[in-house]
Amino acid sequence: MERTQLIKLRLELGKTQKELADNLGISAVYVRKIEKGDVDPGRNTILKYVHFFAKDMTNLFPDLFFNIDDKKCIKKTDSA
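So the sequence shown is numbered by the UniProt record's numbering: it starts at 1 and just counts up by one.
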């Protein structure tokens, strides 16, 4: 799942993935994978994003803190 909030914030600052990576002290490949949702960042990387964007981690990474793809929310129906 693409993390559109991260992409939006980065673009609002006029930063490329490479520039953001340099600012955060991580690789551009890692930034790309985080934005695409291919990998979940570790605690230290989350904190780098929090400090850089001055946003709460739950706003930056809602997929990690909220169970938005919870299959228990799907109601089961009997077709008998």
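Every residue, glycine too, gets a C-beta built ideally from N, C-alpha and C.
- Counting C-beta atoms within 10 angstroms of its own C-beta, R10 has 16 or more neighbours from the protein chains shown and is therefore classed as buried.
- Cα atoms of K8 and E35: separation of roughly 10 Å, rounded to the nearest angstrom.
- Assignment of D56 by DSSP, reduced to helix, strand and coil, places it in the coil class.
- Shortest Cα-Cα distance from F52 to any of L13, R32, V39 and K33 involves L13.
- Of the other Cβ atoms in all chains shown, 16 or more fall within 10 Å of the Cβ of R3; this residue is therefore buried.
- DSSP places P62 inside the alpha helix (DSSP H), whose first and last residues are P62 to F65.
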